[in-house]
Amino acid sequence: MVEPATDTKSAAKVVPLLKDELDIVIPTIRNLDFLEMWRPFFEPYHLIIVQDGDPSKTIKVPEGFDYELYNRNDINRILGPKASCISFKDSACRCFGYMVSKKKYIFTIDDDCFVAKDPSGKAINALEQHIKNILSPSTPFFFNTLYDPYRDGADFVRGYPFSLREGVPTAVSHGLWLNIPDYDAPTQLVKPLERNTRYVDAVLTIPKGTLFPMCGMNLCFDRDLIGPAMYFGLMGDGQPIGRYDDMWAGWCTKVICDHLGLGVKTGLPYIYHSKASNPFVNLKKEYKGIFWQEEIIPFFQAATLPKDCTTVQKCYIELSKQVKEKLGKVDPYFDKLADAMVTWIDAWDELNPSGASAKVSNGQA
Amino acid sequence: MPLANINDSEVDIVIGALQSDLTSFMNEWRTIFSRFHLIIVKDPDLKEELKIPEGFNFDVYSKSHIDRVVGSSSSIVFSGYSCRYFGFLVSRKKYIVSFDDDCIPAKDSKGFLIDPVAQHLANLTTPATPFFFNTLYDPYREGADFVRGYPFSLRNGVTCALSCGLWLNLADLDAPTQALKPQQRNSLYVDAVITVPSRAMMPVSGINIAFDRESVGPALLPALKLAGEGKFRWETMEDIWSGMCLKVVCDHLGLGVKSGLPYVWRQDRGSAIESLKKEWEGVKLMEEIVPFFQSMRLPQTVATTEDCVIEMARTVKQQLGPSSPVFTRAADAMVEWVKLWKAVGSGSSPL
């Protein structure tokens with residue numbers, strides 16, 4: 104039986120790395136009670152809360168946290184017509200937080216994710232591990248059988264070419280989950296009682312050319328390196344699909360990272376995922392996705408970007424064209440999505456002009 | 075530990091003996107090895123008689139067997155670590171598991187003895203998933219599965235042809251790396267088995283491996299022999315080369331390669347600094363070898379493992395040959411190996 108850490112107050116003194124360079128983005132529709140448990144690890148950092156659902160509801164943020172909060176009214180006000188690209192009634196709305204952030208790094212976490220314990224019983228500071236991951240290089244060009252070579256006690260194995268040992272910058276750090284694993288609805292229905300109790304003590308780089316399912320529950324990325332690719336798509340209200348937001352962002356991100364020579368890591372840190380969502384509700388949301396992903400995956404596997412796509416935005420716009428061309432025939436949804444991808448980039452560039460930072464008025468505290 | 079549905083009689087354990095006294099080695103492995111048939115191949119350069127304790131079911135092959143079967147004018151040299159390939163050649167079993175003779179069973183994080191043979195066989199008899207990365211690692215393991223977003227059409231997986239294990243204590247680092255950190259020992263037990271994705275290249279260490287001989291036997295080959303090749307792993311690259319060939323073959327034929335569990339305990343032996351003084355060549359050669367294999371694509375028409383090897387040998391000779399005679403010799407050895415495999419490695423046992 105795996106359990107979350109219940110007493111984090113006595114956690115070892117935390118040195119908050121990247122305190123002024125990292126924002127924590129949290130989508131929520133209910134409350135933020137879970138922050139109490141994360142307090143020793145999160146308190147030094149600035150939070151961006153994206154409130155989904157009914158904007159007239161007040162979300163209470165625990166005392167002592169420095170935050171900005173945006174609800175649907177704020178999103179509409181700030182983006183105007185471009186707000187159409189931000190999902191409603193789906194945690195995909197969190198990507199609005201990525202867009203308005205002014206920091207270099209983003210860590211995003213779901214509000215049902217608690218602090219996990221490592222096998223020795225110690226509370227895991229997930230944010231600290233993500234920062235370690237993102238500040239050390241990735242090694243996408245050759246697989247190291249001892250996993251992360253930059254880790255204390257590890258190294259490159261015999262046969263690993265020296266010319267590849269500097270690695271490349273890490274754009275994404277993808278963490279995992281103990282307790283409720285990130286299964287799709289059919290798997291949840293077949294195995295309702297399965298819990299992830301296996302702590303795999305590794306961080307590894309996902310090789311270039313290999314796609315993976317990116318989960319947004321416990322994710323950290325470098326906004327400067329890859330931010331514009333982290334669009335979580337059109338999900339939820341009025342859309343034919345849900346629970347593919349992070350997947351979509353992950354596939355786009357990996358193709359672009361591979362093209363630009365950036366690294367994606369997966370593995371540690373673990374968080375404790377406490378809530379199993381209703382598999383029947385999930386099945387309805389995912390239903391189309393299960394069929395569509397059979398077309399989507401080969402599309403991304405075969406996607407290539409021209410040499411002159413040298414920025415994330417250029418790559419992303421090019422991808423959106425290919426989505427329209429090749430996936431448009433699968434369903435008109437992809438036409439809309441391709442358009443939304445362009446709107447997203449427009450909005451991103453507007454809110455993040457290169458050079459001077461644009462001042463955006465905060466949501467209500 | 076999931077029970078592999080394999081009969082013990084489908085497995086050969088092949089040990090290349092680089093040291094003559096195998097008594098303590100075999101005793102350490104007794105509880106695990108005693109149910110299997112063992113093929114022990116004595117390094118032809120070893121002068122002393124092999125000492126093997128009682129209670130095992132084994133066959134020993136030495137220089138005289140090798141000379142008789144292979145002949146004297148072979149471009150393949152079965153000396154040092156490469157002696158084990160002779161064992162792969164003469165085996166008639168479906169699965170082969172092979173360990174270096176300076177490895178003993180390890181203990182897991184709870185202190186229980188790990189049975190690497192059982193884990194290797196479990197790896198080989200469950201599918202591999204090379205076309206899409208599963209973030210919860212091996213989906214066929216107890217307590218795990220495919221994650222959300224993993225396409226259903228890829229969930230059957232493919233046959234796993236190679237299982238690469240890891241090492242506690244003395245990890246398989248190259249000489250410069252170990253020499254820089256002489257006290258470093260690997261104590262990190264990572265509880266995962268991972269399929270190495272298609273087209274991702276990796277260094278396959280021969281220290282702790284298992285493979286499906288029936289599917290890919292001819293692709294594990296003794297070909298790359300360094301001029302200064304010696305009796306320590308720091309002084310060889312033969313397994314790295316063999317593994318790259320095998321990965322290309324697997325990627326081409328749609329077979330899988332897994333890496334991770336099981337761990338073995340690798341005993342301290344030799345000196346990285348001494349090996350470093352002696353042998354640099356392997357490290358330099360990797361700079362050419364890796365890009366070469368990464369870009370290798372076999373023609374669609376090549377459909378068998380043997381033909382894959384012949385085709386690769388041709389390309390090696392053409393593209394790498396000009397830069398070093400080591401590669402030309404490797405290419406010749408690869409062609410010779412396929413001939414040998416067809417003559418000796420298939421059909422009924424020659425011995």
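Which chain is which? The protein sequence lines are D and L, in order.
When you line the first sequence up against our numbering, it's residues 104 to 468, in that order.
When you line the second sequence up against our numbering, it's residues 75 to 425, in that order.
Heads up, the beta-carbon is just placed ideally off N, CA and C, and yes, glycines get one too.
Can you find a C-beta in chain L that's less than 8 Å from the C-beta of residue i?
{"i": "D:VAL303", "result": "yes"}
{"i": "D:PRO284", "result": "yes"}
{"i": "D:ASN299", "result": "yes"}
{"i": "D:TYR263", "result": "yes"}
{"i": "D:THR407", "result": "no"}
{"i": "D:THR211", "result": "no"}
{"i": "D:MET104", "result": "no"}
{"i": "D:MET350", "result": "yes"}
{"i": "D:ASP434", "result": "no"}
{"i": "D:ILE448", "result": "no"}
{"i": "D:HIS277", "result": "yes"}
Where residue i and residue j are concerned, what is the direct C-alpha to C-alpha distance, given to the nearest angstrom?
{"i": "D:ALA300", "j": "L:ASP189", "result": "For clarity, residue 300 of chain D is Thr in the given sequence; the question names Ala instead. For D:THR300 and L:ASP189, the distance between alpha carbons rounds to 22 Å."}
{"i": "L:ALA196", "j": "L:SER108", "result": "19 Å"}
{"i": "D:ASP411", "j": "D:TYR173", "result": "36 Å"}
{"i": "L:GLU102", "j": "L:SER261", "result": "20 Å"}
{"i": "D:ALA186", "j": "D:GLN342", "result": "15 Å"}
{"i": "L:VAL409", "j": "D:ILE393", "result": "46 Å"}
{"i": "D:LYS246", "j": "L:LYS168", "result": "The identity of residue 246 of chain D in the sequence shown is Phe, whereas the question assumes Lys. Rounded to whole angstroms, D:PHE246 to L:LYS168 spans 28 Å at the Cα level."}
{"i": "L:GLU128", "j": "L:ILE106", "result": "15 Å"}
{"i": "D:THR308", "j": "L:PHE130", "result": "42 Å"}
{"i": "L:LEU350", "j": "L:PRO250", "result": "6 Å"}
{"i": "D:PHE383", "j": "L:PRO225", "result": "19 Å"}
{"i": "D:GLU171", "j": "D:ILE151", "result": "5 Å"}
{"i": "D:ILE209", "j": "D:SER457", "result": "18 Å"}
{"i": "D:ILE400", "j": "D:TYR148", "result": "36 Å"}
{"i": "D:ARG175", "j": "D:ASP126", "result": "20 Å"}
Are residue i and residue j touching if we call contact CB-CB under 8 Å?
{"i": "L:ARG287", "j": "L:PHE162", "result": "yes"}
{"i": "D:TYR250", "j": "L:VAL264", "result": "yes"}
{"i": "D:ILE129", "j": "D:LEU120", "result": "no"}
{"i": "L:ASP82", "j": "L:PHE110", "result": "yes"}
{"i": "L:LEU198", "j": "L:CYS157", "result": "no"}
{"i": "D:MET178", "j": "D:PRO372", "result": "Position check: residue 178 of chain D holds Ile in this sequence, whereas Met was assumed. No."}
{"i": "D:ALA274", "j": "D:GLY366", "result": "yes"}
{"i": "D:LEU322", "j": "D:HIS277", "result": "yes"}
{"i": "D:LYS387", "j": "D:ASP215", "result": "no"}
{"i": "D:VAL98", "j": "D:PHE403", "result": "In the structure displayed, chain D extends from 104 to 468; residue 98 of chain D sits before or after that span and is not available."}
{"i": "L:VAL171", "j": "L:HIS194", "result": "yes"}
{"i": "L:CYS238", "j": "L:ILE283", "result": "yes"}
{"i": "D:CYS198", "j": "D:ASP155", "result": "no"}
{"i": "D:PRO316", "j": "D:GLY353", "result": "yes"}
{"i": "D:PHE244", "j": "D:PRO107", "result": "no"}
Would you call residue i buried or exposed, if buried means 16 or more other Cβ atoms sit within 10 Å of its Cβ?
{"i": "D:ASP123", "result": "exposed"}
{"i": "D:VAL293", "result": "exposed"}
{"i": "D:MET104", "result": "exposed"}
{"i": "D:ALA461", "result": "With a pLDDT of 35 at D:ALA461, under the threshold of 50, the modelled position of this residue cannot be trusted; read the value that follows with caution. Answer is exposed; the Cβ neighbour count stays below 16."}
{"i": "L:ALA301", "result": "exposed"}
{"i": "D:PHE191", "result": "buried"}
{"i": "L:GLU309", "result": "buried"}
{"i": "D:ILE133", "result": "In the sequence as presented, Ile is not what sits at residue 133 of chain D; that position holds Arg. Exposed."}
{"i": "D:LYS368", "result": "buried"}
{"i": "L:PHE401", "result": "buried"}
{"i": "L:PRO76", "result": "Its pLDDT being 45, under 50, L:PRO76 is placed unreliably by the model, and the measurement read from it follows with that caveat. Classification for L:PRO76: exposed."}
{"i": "L:GLN429", "result": "Nothing about residue 429 of chain L can be reported from this structure: the residues present for chain L run from 75 to 425 only."}
Using beta carbons (cut-off 8 Å, strictly below), is residue i in contact with chain D?
{"i": "L:ASN260", "result": "yes"}
{"i": "L:ALA235", "result": "no"}
{"i": "L:ARG273", "result": "yes"}
{"i": "L:ALA218", "result": "yes"}
{"i": "L:THR389", "result": "no"}
{"i": "L:GLY231", "result": "no"}
{"i": "L:GLU102", "result": "no"}
{"i": "L:TYR155", "result": "no"}
{"i": "L:ASP265", "result": "yes"}
Is residue i near the ligand ZN - that is, is its Cβ less than 7 Å away from at least one heavy atom of it?
{"i": "L:SER108", "result": "Absence of the ligand ZN from the depicted structure is noted, as is the absence of any ligand whatsoever, leaving it without description."}
Could you run through the segment 381–396 of chain D and flag, in chain order, every residue whose CB is less than 7 Å away from some CB of chain L?
For the segment 381–396 of chain D, which is checked against every Cβ of chain L, the residues closer than 7 Å are ILE393 and GLN396.
Going along the chain, which residues of the segment 356–383 of chain D sit with their C-beta nearer than 9 Å to a C-beta in chain L?
THR369 and GLY370
Residues of the segment 232–265 of chain D in Cβ contact with chain L at a cutoff of 7 Å, in chain order, please.
PHE245, PHE246, THR248, LEU249, TYR250, GLY256, ALA257, ASP258, PHE259, VAL260, ARG261, GLY262, TYR263, PRO264 and PHE265
If contact means a Cβ-Cβ distance below 7 Å, which residues of the segment 324–350 of chain L contact chain D?
SER333
Listed from N- to C-terminal order along the chain, which residues in the segment 310–335 of chain D have their beta-carbon within a distance smaller than 9 Å of any beta-carbon of chain L?
PRO310, LYS311, GLY312, THR313, LEU314, PHE315, PRO316, MET317 and CYS318
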